[in-house]
Structures are given as C-alpha cells and as structure tokens.
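Heads up, the final residue of the sequence shown is numbered 259 in UniProt numbering, and it's a clean run with no missing numbers. The C-beta atom is built at its ideal place from N, Cα and C for all residues, glycine as well.
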Amino acid sequence: MAAQIPALHLYPLNDSFVPKQISLAQGRVRIGRQTNARTVPGERNGYFDSKVLSRMHAEVWEENGKILIKDVKSSNGTFINSERLSPEGVESEPFELKSEDIVEFGIDIVGEDNRTIVHHKVAAKVYCILSPEDLLGSQREMQYLRNPSNRLPHPVINGAVPGQQVNGAPNGAPGQQPQQQGGQQQQAQGQTLGGMGSARAPGKSGLTFDHLLSRLQGEIVKSRETGNELGMIGREMGEIGDTLSGGLVRVVLSDYAEC
Numbered sequence: 001m002a003a004q005i006p007a008l009h010l011y012p013l014n015d016s017f018v019p020k021q022i023s024l025a026q027g028r029v030r031i032g033r034q035t036n037a038r039t040v041p042g043e044r045n046g047y048f049d050s051k052v053l054s055r056m057h058a059e060v061w062e063e064n065g066k067i068l069i070k071d072v073k074s075s076n077g078t079f080i081n082s083e084r085l086s087p088e089g090v091e092s093e094p095f096e097l098k099s100e101d102i103v104e105f106g107i108d109i110v111g112e113d114n115r116t117i118v119h120h121k122v123a124a125k126v127y128c129i130l131s132p133e134d135l136l137g138s139q140r141e142m143q144y145l146r147n148p149s150n151r152l153p154h155p156v157i158n159g160a161v162p163g164q165q166v167n168g169a170p171n172g173a174p175g176q177q178p179q180q181q182g183g184q185q186q187q188a189q190g191q192t193l194g195g196m197g198s199a200r201a202p203g204k205s206g207l208t209f210d211h212l213l214s215r216l217q218g219e220i221v222k223s224r225e226t227g228n229e230l231g232m233i234g235r236e237m238g239e240i241g242d243t244l245s246g247g248l249v250r251v252v253l254s255d256y257a258e259c
C-alpha cells in the first residue's frame, strides 16, 4: 500500500505495539483501546492492545498544515514529552505535534512489589508526514530501528516516567495522581542534570536534553558502523590489489621462461 499524506507515523519505544502509519486524509482518527473485533490493532489504525488506555483516549487530525492531538477525557492521560495534556477525565486543548516528539498514552501499572510493571503504557516517537521529505525522514527511522543494535534505551521511558500507578490501582489510589508523580520525577531529573533541559510543554517549542542525548548516542552508533564498513572495504580493496599485483608478476615471468 502506498504511503499517504498527511499521516502520523508512530514508532514504539517499549515494544508495546508494531510501528503504525495512520492516514489522516479522511479526517479525525481515534486513539483508543481494543474492545471488539472491529477495533483490532493494526498498522493503519489508532487502536492498541493495552489495558491502560481508555476506549476513547485521544484524537489526532491534520488542520492547516499541522498535525494536532487532544486527549478526550481519558483516565490515565496523554503525555507529550513528559507533559500531560489534561487532568483525568478532562478534555484537553488541541496540541500541535512535531516530528520526533515523544507521545505516551496512559501510564505504567506497577504490581504489588512496587517494581514489576504489570501493564505497560504506549510510548512512541512521532513523525508528522506532511510532505515527501517528511516521509523520507520516517523511512530512515524505520530502517534504523530494524537493526536491533540501534535500539538504545530511551530516557523518557527508562527513568523519567511521567507517572506510575502502584499496586495496580486504576486511579492511582492510594498514592499520588499520575500527573503529580510525573511532576516530581521530572523535577528530580532536572536537578540531576543541573537544570540543563526540560520537556517541550504544550504551547512551547524545543527538545529535552535527554532526547538530544539519545539522538547523539544513535548517531555515534551509526558513525561506528560506517567506520567499520569503510575499514572492511579498505582491507578488501588491499587484498584485491595484492592479488592483481601477484598475478601480473607471474604472467611476466612465465613469458620470459617461454622465450
């Protein structure tokens, strides 16, 4: 199937779903939990097999050359770069997505040991497809992720968790609400980094320091692989040159011997 424009491409950060390419050409697309045979998750729809999502969790659409998202009164929230769009049960204002934003639907549900995650949130890197150039960027991301060695832990989902629920309580009780937990964890992370960066909050622009660090790590891996490949090519060319040189010497000597 040919890629469509406009579209929203989602690449998983925690192996909770297969990569999605959601066409926005027909209007608004619902993001939500699978509830029946008509909402089976697929590469082209917005449904997920996740117990932490609401049946109607969020909506995405294209408008005036922008891709927008809003939370539609979900229980466990929609997070963009660690910032929750609205409180529980409250519809959010539309928020413009940018390529390489980190989107999280719901929160991790932690078991009775307060350590084991029994239900995972949906976490994804976003690519907004509004032009053929955007599509090429998304395809590069797909090719990059196909190499298992490039799947580095992402700081947003491995450490600075927007919110976790304890003992499987669906509403975070007892304990703090997910949004409150996210704020404290984000504040602690900022102190650890010396206040060097913060998430792109709704209505603001920029990338997290950790996001940039993750991308830098990825580029380092790519550079190492390129260097290794060039080294192999160089060695192979050298061996070919040695072989050709040896062959020429043998030909010349054999000619003299016949004379």
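In terms of alpha-carbon separation, which member of the options lies closest to residue i?
| i | options | result |
| --- | --- | --- |
| I69 | D49, M232 and F105 | F105 |
| F17 | R84, V52, D71 and V122 | V122 |
| S86 | H9, S74 and T226 | S74 |
| N81 | Q139, V126 and E43 | V126 |
| M142 | Q4, P19 and P6 | P19 |
| G65 | L97, R115 and I233 | L97 |
Taking Cβ to Cβ, would you say residue i is nearer than 9 Å to residue j?
| i | j | result |
| --- | --- | --- |
| H120 | D108 | yes |
| T78 | S99 | no |
| V110 | V103 | no |
| H57 | R33 | yes |
| I5 | D113 | no |
| L130 | I67 | yes |
Is DSSP giving residue i helix, strand or coil here?
| i | result |
| --- | --- |
| P132 | helix |
| G183 | The pLDDT assigned to G183 is 45, lower than 50, so where the model puts this residue is not dependable; a value taken from the coordinates is nonetheless given after this. Of the three classes helix, strand and coil, the one that applies to G183 here is helix, per DSSP. |
| V90 | coil |
| residue 344 | The shown model of the chain, from 1 to 259, leaves out residue 344, and the question about it has no answer. |
| R30 | strand |
| P174 | Annotation note: pLDDT 36 at P174 (below 50); position unreliable, no value reported. |
| residue 327 | Absent from the structure is residue 327, since the part of the chain shown begins at 1 and ends at 259. |
| T78 | strand |
| E100 | coil |
Got a sec, what are the start and stop residues for the beta strand (DSSP E) residue i sits in?
| i | result |
| --- | --- |
| K70 | K66 to D71 |
| I107 | Run containing I107: none; DSSP gives neither H nor E here. |
From the DSSP output, which residues share a beta bridge with residue i?
| i | result |
| --- | --- |
| Q21 | H9 |
| Y127 | H9 |
| E63 | K66 |
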